[in-house]
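Asker: Sharing a structure, written as structure tokens. Questions coming.
Protein chains: 2
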Amino acid sequence: MDSSENFFASAINKNKAIVNLEELSLWLDNIQKTSDFSVKEIPFEELDKWYFDESGSNLRHESGKFFSIEGLRVQTDFNGVMQSWDQPIINQPEIGILGIVTKVINGTRYFLMQAKMEPGNINILQMSPTLQATKSNFSQAHKGKVPLYLEYFIDASKSTIIVDQLQSEQGGRFFKKRNRNMIVEVTDDIVVHDDFCWLTIFQLKQLIKIDNLINMDSRSVISCIPFGNEVDSIEDFIAQAKLDDKYDLGTMKSIVSKKPLHTTDEIISWITNEKVTYHLNVKNIPLNEVNGWQITSTEIKHNTDNRFSVVALKVTANSREVASWTQPIVKDLKIGLIGFLIKTINGTDHYLVQAKVEPGNMDFIDMAPTVSCSNYKELEQTNRSVLFLDLFLDDQKTITKYDHLQSEEGGRFHFYQNRYMLAHLNEGIEIEVPSNYKWMTLGQIMELSKYGYFNIEARGLLACIDMFK
Amino acid sequence: MDSSENFFASAINKNKAIVNLEELSLWLDNIQKTSDFSVKEIPFEELDKWYFDESGSNLRHESGKFFSIEGLRVQTDFNGVMQSWDQPIINQPEIGILGIVTKVINGTRYFLMQAKMEPGNINILQMSPTLQATKSNFSQAHKGKVPLYLEYFIDASKSTIIVDQLQSEQGGRFFKKRNRNMIVEVTDDIVVHDDFCWLTIFQLKQLIKIDNLINMDSRSVISCIPFGNEVDSIEDFIAQAKLDDKYDLGTMKSIVSKKPLHTTDEIISWITNEKVTYHLNVKNIPLNEVNGWQITSTEIKHNTDNRFSVVALKVTANSREVASWTQPIVKDLKIGLIGFLIKTINGTDHYLVQAKVEPGNMDFIDMAPTVSCSNYKELEQTNRSVLFLDLFLDDQKTITKYDHLQSEEGGRFHFYQNRYMLAHLNEGIEIEVPSNYKWMTLGQIMELSKYGYFNIEARGLLACIDMFK
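So the sequences go chain by chain: P and E. Take 48 as the starting number for the first sequence in the working numbering and just add one per residue. Take 48 as the starting number for the second sequence in the working numbering and just add one per residue.
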């Protein structure tokens, strides 16, 4: 086995950090302090180059590029309940790149991360992948600079591709949006530009335990790291991991286990059955025909004021491809809850996966976390129930393994945070699992995820799972 | 290992046939002779319950069920050449079941096959899966009988599911059509109805070497048989296979090899790159706006008379769910060529897979055979070239491993046959492989195919691969 391929082993070299976490914190503070980045909400009419088109008030950029805000009419019989609604949706047909450069230096693997300001982030500055570029970015639709490090992702002679997958984004907010998630390995020396730094996997797993620091795009790419690929003999590996005393054995076994509750063929059959049983009809409609929503001078909002809205921002920056710009953005101040329930079955951790319909999904049903709901606090107050939500908030029944606020992507979402949780069911607590849920090992989730089966919320949560003690 | 799971071993019991091939031939002749099944082409105006709708002449059934013939406007930049065209397309949004019942009797695995008449088959009678039913069939939209054996596919208490996958059909003729491909195992005795018989895998692989006998739906389901799933130790297995002298070792190694030319991650990256590089735009349009085509009283046809057409049939039968009916059908008298090129690389057979855009694909690019072209004889005459086609017809460069005519599905296609070929490149013959082709082992093809990556032509050809001597 080539040591450069070994993600587990290189990840636990705790002392091999190039910058330690205190230095990182100071570095981020300094970037924050010395930056000139301001964001303010503006009326739609002050948008520059963006306009409501004549045909039906869809909100577009005059170049025809970037994205547009359109209307969607939705009807589904999912779970046997006929539901229909209209909503605004982001249409961004271009496929961008979310990519991390990785390098093994003196036997330790590092990932090149960027401190990046995004207008929608609640704290502006978060850690993003090395490259986070829409096609309009790198084909220079807005005539800015070429993104740094782009060449390592598009020129095969400069790197070795480790991960390169099409992955979806929020099916509730985007219409069939996918990005290319990439990890590329370099061996030559490369320049570390301002605002970039090398971090180990161990450090990333520490930093992901800080609220709103590792951004959504980073979490999506980190979820694709092929842990376990390098494991030839599972028994030897588990035996060694026990000796090392550096790994969380429950998590490790869940990644490499060959004895899952359900075979992969059974899981494929289950997904087939869900897709055959239920239906989704969506129809693109003009924004001004979206029932239940209104367009004001400053907002596209639901009549109840109880959903997300679309607003306009003016951004002034000195650290981006262009120095200042205006843009529409989806705003959501209410915090959702996204969680995987974990149960030890036959000695191996299994995660409860939900088959979930969302209107913008590529193939209408994607694999989602056990719970994924918006505005969970209001749910509590109004007694509306979301299946399994109570288990996450009940320390008699579960042990919380992870509980942090994370932001959704700051280029499209304004102030939008979710509470990400991993909750391990206590021994002896039995739960009934309806037909649209399935227990899977981490290895199975990672395998299916390669083929694009898992939604962004599930992948974001996968990235939070720490296999190190 | 449970013997009931062992598809390889149970398949080579040549002497364990319940009916031998001569008996089968007599049995089929008898069904053919005693049947009352007639098909004739009629003008569209004689169609019963089918009509050209007012909005744009789409051809529909008055129940709103079954399928319709609509128009499609297509534009793609695939392979760097901008192309656009209009065409009729079949829209059949319902997902049906193609299913085979399997049973292990005295240690040998059998598959329950049906002798079935279809109006479009050039020879009327072919062998179909146990169940071949559209949702309209089994929800009885046409008020006929419930299909035989349906219960084994929809009632979990009656069988164990072995295969259950959503698989696509012709992306050049159907708009995003998928069927559920199933293999279910029974242990109880079940009644073998008239026109049904138990066949071994060995027999199926023999029968598939007869022109136009194993129908398209059967080939699609047979391609999903999980050969190799049961293999724990590849080395032991290959050693045993060598001793047995019953297996084609090149094929066996290609199924179980762990040393393919490209890793699965590399193949996923390649597919990602193809999907990011190229684009497909399709727009559903009314049939009477399809440029280059005309609707006559008896045909929807291309102005050049050089493509497929849509005609109407009147069918009289005594062996179907309903006794007689009329229907539109896609007619194509010209024979296409569908072939995989095989090459031994590092001692293992690799198959050359093409990434191919077709307008009706679920996700625009599917994995296809090396060559897949219509009317290949005309191509020869007109000097229009199809990449690699010449290799299939040149016995200096390749050894032909398989070469038979097979029919496309007789419920939707009239007289439509393709020449299916497997051609093994001779040693020393080097070919240049463009970026939209990739060498894969059979094991890799079968793995990706589980997730719906391979088109119907590729799967049909997979079914023809014989791993037995």
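Cβ atoms here follow ideal geometry from the backbone N, Cα and C, with glycine treated the same way.
Closest to K424/E by C-alpha separation, out of D410/E, N465/E, S454/E and F460/E, would be which residue?
Answerer: For K424/E, the nearest C-alpha among the options comes from N465/E.
Asker: In chain E, which residues lie with their C-beta within 8 Å of the C-beta of V323/P?
Answerer: I142, L213 and R227, listed in chain order.
Asker: Tell me whether D133/E sits in a helix, a strand or coil according to DSSP, three-state version.
Answerer: Correct three-state label for D133/E: strand.
Asker: Shorter than 8 Å from the beta carbon of P406/E to some beta carbon of chain P?
Answerer: Cβ-Cβ to chain P under 8 Å: no for P406/E.
Asker: Just to confirm before moving on: does the CB-CB distance between I144/P and L178/P stay below 8 Å?
Answerer: For I144/P and L178/P, yes; Cβs fall inside 8 Å.
Asker: Per DSSP, Y449/P is paired with what?
Answerer: Note: Y449/P sits in a beta bridge opposite L469/P.
Asker: Of the residues that make up the segment 301 to 327 of chain P, which ones have a beta carbon closer than 9 Å to any beta carbon in chain E?
Answerer: The residues in question are T310, T311, D312, E313, I315, S316, W317, I318, T319, N320, K322, V323 and H326.
Asker: By the 7 Å beta-carbon criterion, what residues does the segment 498 to 513 of chain P contribute toward chain E?
Answerer: So the list reads Y498, given in the order they occur along the chain.
Asker: Determine, using beta carbons only, whether I147/E comes closer than 8 Å to chain P.
Answerer: Cβ-Cβ to chain P under 8 Å: no for I147/E.
Asker: Within 8 Å (strictly less), CB to CB, does D410/P reach chain E?
Answerer: Output row for D410/P: interface = yes.
Asker: So what's I347/E in DSSP terms, helix, strand or just coil?
Answerer: Residue state, collapsed to three classes: strand.
Asker: I248/E CB to nearest chain P CB: under 8 Å?
Answerer: No, no contact with chain P.
Asker: Using Cβ-Cβ distances below 8 Å, what residues of the segment 257 to 281 of chain P are close to chain E?
Answerer: Within the segment 257 to 281 of chain P, the qualifying residues are P273 and N276.
Asker: Need the endpoints of the alpha helix (DSSP H) that Y199/P sits in, please.
Answerer: Unbroken alpha helix (DSSP H) run through Y199/P: L197 to I201.
Asker: For S215/P, which residues does DSSP report across the bridge?
Answerer: Partner(s): R225/P.
Asker: So, helix, strand or coil for D396/P, using DSSP?
Answerer: Strand.
Asker: Can you tell me where the alpha helix (DSSP H) with Q79/P in it begins and where it stops?
Answerer: Looking at the DSSP string, the run of the alpha helix (DSSP H) that includes Q79/P is L68 to T81.
Asker: Using the beta-carbon of each residue, which ones in chain B are nearer than 7 Å to I208/P?
Answerer: Reference to chain B is not applicable here, since the protein chains of this structure are P and E.
Asker: Can you tell which of T343/P, N338/P and I412/P has its C-alpha closest to the C-alpha of H326/P?
Answerer: That would be I412/P, whose Cα lies nearest to the Cα of H326/P.
Asker: Which one of V233/P, D379/P, Q212/P and P176/P has the shortest CA to CA distance from S204/P?
Answerer: Selected option, being the one with the closest Cα: V233/P.
Asker: For E88/E, report the span of its alpha helix (DSSP H) as first-last.
Answerer: Careful: E88/E lies outside any alpha helix (DSSP H), inside the beta strand (DSSP E) at S85 to I89.
Asker: Does the count of Cβ pairs from the segment 113 to 124 of chain E and the segment 132 to 139 of chain E closer than 8 Å reach three?
Answerer: Contact holds: three or more Cβ-Cβ distances are below 8 Å.
Asker: May I ask you to report which of helix, strand or coil DSSP gives F460/P?
Answerer: Here F460/P sits in strand by DSSP.
Asker: What does a CB cutoff of less than 8 Å around T445/E pick up in its chain, not counting 5 residues either side in sequence?
Answerer: Excluding positions up to five away in sequence, the list reads L388, L438, F439, A470, H471, L472, N473 and I476.
Asker: Consult DSSP for S115/P and reduce its assignment to one of helix, strand or coil.
Answerer: Looking at S115/P - three-state DSSP - the assignment turns out to be strand.
Asker: With DSSP run on the structure shown, which of helix, strand or coil describes D312/P?
Answerer: Helix at D312/P.
Asker: Under 8 Å Cβ to Cβ from N365/P, same chain only, skipping five residues before and after it: list those, please.
Answerer: Excluding residues within five positions, the ones whose Cβ falls inside 8 Å are S82, D83 and F84.
Asker: Taking only three categories from DSSP, how would you classify C271/P?
Answerer: The answer is coil: DSSP assigns C271/P none of H, G, I, E or B.
Asker: Any idea what DSSP makes of F92/P, helix, strand or coil?
Answerer: The sequence shown places Glu at residue 92/P, rather than the Phe named in the question. Three-state result, E92/P: helix.
Asker: Looking at the unbroken beta strand (DSSP E) that takes in M174/P, where does it start and where does it end?
Answerer: Element bounds for M174/P: L172 to S175.
Asker: Three Cβ pairs or more, each shorter than 8 Å: is that satisfied between the segment 154 to 174 of chain P and the segment 238 to 255 of chain P?
Answerer: The segment 154 to 174 of chain P is in contact with the segment 238 to 255 of chain P.
Asker: Relative to the C-alpha of Q79/E, which residue among I171/E, W317/E and E455/E is closest?
Answerer: Considering only alpha carbons, the answer is I171/E.
Asker: Could you round the C-beta distance between Y98/P and E88/P to whole angstroms and report it? I think they count as a contact, below 8 Å.
Answerer: In fact, because the Cβ distance is near 18 Å, the residues do not count as touching under 8 Å.
Asker: Have a look at K182/E and I169/P and give me their C-alpha separation to the nearest angstrom.
Answerer: For K182/E and I169/P, the distance between alpha carbons rounds to 50 Å.
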